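K.L.:
Using our numbering, read the sequence shown as starting at 84 and increasing by one per residue. Got a structure for you, written out below as structure tokens; questions coming shortly.
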Amino acid sequence: PVMENETKGKTEVNDVKEIKDVKDYKDAKIKIDIDRYRVKEGDTINLKKFATYCDQDVDKSAVKNYAFPQALDEISLLQAKLFAQSTYGLIIVLQAMDAAGKDSTIKHVFSHLDPNGVHVVSFKQPTEEEKDHDYMWRINKALPRRGDIGVFNRSHYEDVIVSRVHNLIEQGKMPKNLISKDIWDIRYRQIRDWETYLNENGFPILKIFLHVSKDEQRDRLAERILNKQKNWKFSMADINERRYWDRYQELYSEMISETSLKEAPWYIVPADQKWYTRYVVAQIVIKALKDIAPKFPEMSKEIKDQLEEFRKLIESGSVGMIEEMQDMMLPSDK
Ligand code: ATP
Ligand code: MG
């Protein structure tokens, strides 16, 4: 069962358990079209034209109590196959304005997965060591291995967004003669090439922008001040960054237009309602995993036949079954 937030009462948890059954939601609307949130390669988008709230006819209660938990089960199975197959690795990038809900989306969509195969990495302000390298250095170090899902809470995209809003590139250690007026176009090109390279090597990338409205951000920042359990999330910087809201929206629009690729698309996900955000993100992750189509590795016919023999032995209830299996083992396994 998934709760909207920890402050909700105990009764809700019980409710969720009781109605987690298909027949209770037989006629409920739970299907959504995620394609409308995907940015097609070459499209020039304006964030203002994208919804920040649920814009499809779906039943909230059916989504929260039935469809979302079911989607999580589906992700689990696909992730288990991805891990077992161990050939593809999936990279999921999350970007957003402050308080759009990156952390809570990650918590609700990914945290029930096998921790062996899923890694969340948060990219904060670069450390001194990170500043001594190119901007992709720390991102490269954090890439998932084959079979794994790497979830990036912020990413290399900070280096074409926050760096640009605050002119950080000038203050950094890049050789001055390499910082031309084309620097952002150059970086977009580098990012497209790098993501294409990863995709061509078995590491598809999925990029999600959580699109929150300015009003909802205000309410959430206020909540961090009012609610003692959320005080730890409060940051003066978030209050200050709000000054640059329009600039951020403009740069995000440009960046998403420049870097959405057929094989590495951006999705602009409405982020004003958490239940909806989580559900959309879950469906996007399912689609990405289905595109990879991972399968449990096939066993050889020899081993399958032998397991069939072992199965009969176990069902016969023989006390010495393991010893009998030892006798039946292929010479190559002994
Ligand atoms: P979040 O805000 O993502 O929930 P947080 O509040 O736990 O995370 P912060 O201290 O706010 O942690 O760290 C994120 C900050 O680091 C953001 O302000 C972000 O813009 C900044 N940042 C991330 N990557 C870079 C970068 N490459 N260059 C400059 N600043 C960066
Ligand atoms: Mg922050």
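Using N, Cα and C, we set each Cβ at its ideal position, and we do this for glycine too. Model, not experiment: these values are computed from the prediction.
For a quick check, are the C-beta atoms of Leu344 and Glu124 less than 8 Å apart?
P.N.:
Cβ distance < 8 Å, so Leu344 and Glu124 count as in contact.
K.L.:
Identify whether Thr234 lies in helix, strand or coil by the three-state DSSP scheme.
P.N.:
The identity of residue 234 in the sequence shown is Val, whereas the question assumes Thr. It is a strand residue.
K.L.:
Any heavy atom of the ligand ATP inside 7 Å of the beta-carbon of Glu211?
P.N.:
For the ligand ATP, not one heavy atom lies less than 7 Å from the Cβ of Glu211.
K.L.:
Beta-carbon separation of Tyr218 and Val176 under 8 Å?
P.N.:
Their beta carbons are not under 8 Å apart, which means Tyr218 does not touch Val176 by this criterion.
K.L.:
Given 7 Å as the limit, tell me if Asn260 has its C-beta closer than that to any heavy atom belonging to the ligand ATP.
P.N.:
The answer is no for Asn260.
K.L.:
Based on Cα-Cα distance, which residue from Phe133, Ala163 and Lys109 lies nearest to Leu372?
P.N.:
Ranking the options by Cα distance to Leu372, first place goes to Ala163.
K.L.:
Looking at the structure shown, is Leu334 part of a helix, part of a strand, or coil, going by DSSP?
P.N.:
It is helical.
K.L.:
Select from Ser187, Leu226 and Pro209 the residue whose C-alpha is nearest the C-alpha of His202.
P.N.:
Residue Leu226 is the option with its Cα nearest to His202.
K.L.:
In chain order, what residues of the same chain lie with their CB nearer than 6 Å to the CB of Lys290, ignoring the 5 residues before and after it?
P.N.:
Hits under 6 Å: Val176 and Trp349.
K.L.:
So the alpha helix (DSSP H) Trp30 belongs to, where does it begin and stop?
P.N.:
For residue 30 there is no data in the structure shown, the boundaries of the chain being 84 and 417.
K.L.:
If we call anything under 8 Å between Cβ atoms a contact, is Met411 one with Glu385?
P.N.:
For Met411 and Glu385, no; Cβs fall outside 8 Å.
K.L.:
Alpha carbons only, please: which of Lys131, Ile244, Ser263 and Pro287 is nearest the one belonging to Lys370?
P.N.:
Here the closest residue by C-alpha is Pro287.
K.L.:
Whole angstroms are fine: how far does the CA of Leu130 sit from the CA of Tyr335?
P.N.:
If I take the Cα positions, the gap works out to 8 Å.
K.L.:
Reducing DSSP to helix, strand and coil, say where Arg121 ends up.
P.N.:
In this structure, Arg121 counts as strand in the three-state DSSP scheme.
K.L.:
In chain order, what are the residue ranges of uninterrupted alpha helix (DSSP H) at least 4 long that sit wholly in the region 296 to 379?
P.N.:
You should have 297 to 309, 319 to 324, 328 to 342 and 357 to 375.
K.L.:
Are Arg237 and Gly172 close, meaning C-beta to C-beta below 8 Å?
P.N.:
Not a contact, by the Cβ cut-off of 8 Å.
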